[in-house]
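> Residue numbers (the working numbering): 11 to 408.
No residue lacks a Cβ here, since even glycine has one placed at the ideal position from N, Cα and C.
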Ligand code: NAD
Ligand code: MG
């Protein structure tokens with residue numbers, strides 16, 4: 011029996027890489043559903059190749075257009091639209107595996123639905139876990155889902171940890187997340203005021219969606235990953251360390267109580283963690299280039315503690331601030347950051363004002379503790395309003 015897969019966010023960077031791996035192993039996997047927001051032509055090509063039962067376009071106009079094109083080409087895929095349809099294809103009983111690759115809190119409800127329905131859940135959508143936090147992990151537990159991290163750092167840690175998960179706490183000293191430092195690692199921090207969205211999106215090692223590219227430039231991506239690591243692996247925040255590793259070859263490391271460190275290495279290609287998630291506990295070919303140690307250049311590491319880096323990447327610290335505050339603050343941080351990044355991409359605020367917005371919103375009174383998905387969605391929505399108001403004041407726009 012082939013493993014039946016729903017790819018949430020199939021038209022994005024992770025989605026496309028996921029389909030690339032699946033195309034190499036069509037004897038093992040088949041596609042139940044693909045989802046996207048607006049990119050009709052890419053979705054049409056994906057439907058031609060993978061013949062899914064369902065294609066979801068969140069945007070209704072895009073869904074109508076896709077339906078028309080599919081019918082012209084006599085492709086029998088059924089088209090659905092709206093965000094409820096995401097939940098439907100993430101939790102359908104015919105689905106074995108869900109790749110969660112929507113960007114942002116927009117992916118929260120479908121991720122939680124897949125978790126509750128007990129799917130094998132491949133989590134790229136880190137924002138969903140940052141927003142959902144304990145409630146997300148509870149849904150995984152009660153649904154008896156298998157959660158497999160796709161973020162390269164978390165996949166590395168998952169691979170480095172002992173198989174018996176019960177024993178982690180007694181033998182692991184800390185986890186060390188590596189960060190490339192992004193496009194501005196060596197830029198004088200005073201000049202960050204003037205950088206453009208295009209410069210911020212030009213990541214030296216990875217080709218990714220725009221939102222995560224900006225997050226990598228501010229290092230808010232690493233802040234979200236610290237929060238992600240805390241919930242995925244049950245670490246205390248003080249057991250998580252971040253180190254800059256510009257070559258992105260060591261994807262992250264686990265340090266044990268005896269001083270041993272286990273790391274996972276590879277070329278920077280997301281098909282590696284994706285294929286691991288798809289095949290776990292086995293391995294399959296991924297299409298990624300292999301490291302050639304005979305000819306590879308050196309690996310280096312840089313402390314985050316230097317004065318320059320503290321000024322360049324002030325957002326990283328917000329992860330620990332949010333984790334030490336009340337429940338719900340990680341959702342607040344995520345929503346503020348999503349709004350700030352979007353406004354920066356639209357050139358309505360400056361690059362350095364992303365942090366200013368995040369900091370201002372985190373300093374507002376905390377929301378009451380979320381008890382369910384609706385509470386999380388309310389915190390997300392209310393924080394977006396606050397973040398927008400703050401940005402308007404800061405940057406003086408209407
Ligand atoms: P992307 O922008 O390339 O793709 C996002 C996908 O989500 C697209 O399919 C888009 O149609 C869909 N989408 C956007 N808004 C939506 C909405 N409101 N409702 C439903 N669908 C919507 O993003 P990406 O780079 O592929 O990243 C996806 C997720 O994976 C993010 O959470 C990111 O942090 C994480 N991630 C990405 C990489 C990477 O290399 N790209 C690495 C690690 C983690
Ligand atoms: Mg990552």
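(1) Roughly how many angstroms separate the alpha carbons of residue 250 and residue 227, rounded to a whole number?
(2) Provide the residue(s) that pair with residue 13 in DSSP beta bridges, ordered along the chain.
(3) Roughly how far, in whole angstroms, is the beta-carbon of residue 117 from the beta-carbon of residue 135, given that I think they are within contact range, below 8 Å?
(4) Please tell me whether, using a cut-off of 7 Å, the distance from the CB of residue 385 to the nearest non-hydrogen atom of the ligand MG is below it.
(5) How is the beta strand (DSSP E) around residue 130 delimited, first residue to last?
(6) Which two residues bound the contiguous alpha helix (DSSP H) that contains residue 81?
(7) Quick one: does the C-beta of residue 279 sit closer than 7 Å to a heavy atom of the ligand MG?
(8) How big is the Cα-Cα spacing for residue 241 and residue 307?
(9) Excluding the five sequence neighbours on either side, which residues of its own chain have a C-beta within less than 6 Å of the C-beta of residue 223, listed in chain order?
(10) Find the nearest neighbour of residue 73 within the set 90, 83, 59, 407, judged by alpha-carbon distance.
(11) May I ask which residues mark the beginning and end of the alpha helix (DSSP H) holding residue 318?
(12) Taking the beta carbon of residue 70 as the centre, do at least 16 other beta carbons fall within 10 Å, making it buried, or is it exposed?
(13) What's the gap between the Cα of residue 319 and the Cα of residue 187?
(14) Could you compute how far the alpha carbon of residue 24 sits from the alpha carbon of residue 137?
(15) Measure the alpha-carbon distance for residue 115 versus residue 205 and round it to whole angstroms.
(16) Name the residue from 171, 380, 98, 199 whose alpha carbon lies nearest to the alpha carbon of residue 63.
(17) Whose C-alpha, out of 143, 121, 11, is nearest the C-alpha of residue 101?
(18) With hydrogens ignored, establish whether the beta-carbon of residue 347 is closer than 7 Å to any heavy atom of the ligand NAD.
(19) Can you name the start and end residues of the alpha helix (DSSP H) that residue 387 belongs to?
(20) Mind listing which residues have their beta carbon within less than 6 Å of any non-hydrogen atom of the ligand MG? Chain order is fine.
(21) Among the candidates 50, 68, 291, whose CA atom is the shortest distance from the CA of residue 80?
(22) Do you know offhand how far residue 269's Cα is from residue 315's?
(23) Kindly indicate the opening and closing residues of the alpha helix (DSSP H) around residue 32.
(24) Output yes or no for whether 8 Å exceeds the beta carbon distance between residue 237 and residue 333.
(25) Check this for me: beta carbons of residue 159 and residue 216, under 8 Å apart or not?
(26) Quick check on residue 260: does DSSP put it in helix, strand or coil?
(27) Does DSSP put residue 282 in a helix, a strand or coil?
(28) When you measure from the CB of residue 75 to every non-hydrogen atom of the ligand NAD, does any distance come out below 7 Å?
(29) Assuming residue 97 is part of the alpha helix (DSSP H), what are its boundary residues?
(30) Out of 239, 142, 82, which one is the CA nearest neighbour of residue 339?
(31) Which residues in the same chain as residue 48 place their Cβ atom closer than 6 Å to its Cβ, once the five residues preceding and following it in sequence are excluded?
(32) Name the residue from 196, 192, 190, 16 whose alpha carbon lies nearest to the alpha carbon of residue 108.
(33) Please indicate yes or no: does the CB of residue 145 lie closer than 7 Å to some heavy atom of the ligand NAD?
(34) Please classify residue 339: does DSSP put it in a helix, a strand, or coil?
(35) What does DSSP give as the partner residues of residue 156 in its beta bridges?
(36) What is the rounded straight-line gap between the Cα of residue 348 and the Cα of residue 221?
In short:
(1) 20 Å
(2) 39
(3) 4 Å
(4) no
(5) 130-133
(6) 70-82
(7) no
(8) 34 Å
(9) 211, 213
(10) 90
(11) 317-322
(12) exposed
(13) 16 Å
(14) 14 Å
(15) 26 Å
(16) 98
(17) 121
(18) no
(19) 383-405
(20) 161, 162, 163, 235
(21) 50
(22) 22 Å
(23) 23-33
(24) yes
(25) no
(26) strand
(27) helix
(28) no
(29) 93-101
(30) 142
(31) 69, 72
(32) 16
(33) no
(34) helix
(35) 130
(36) 8 Å
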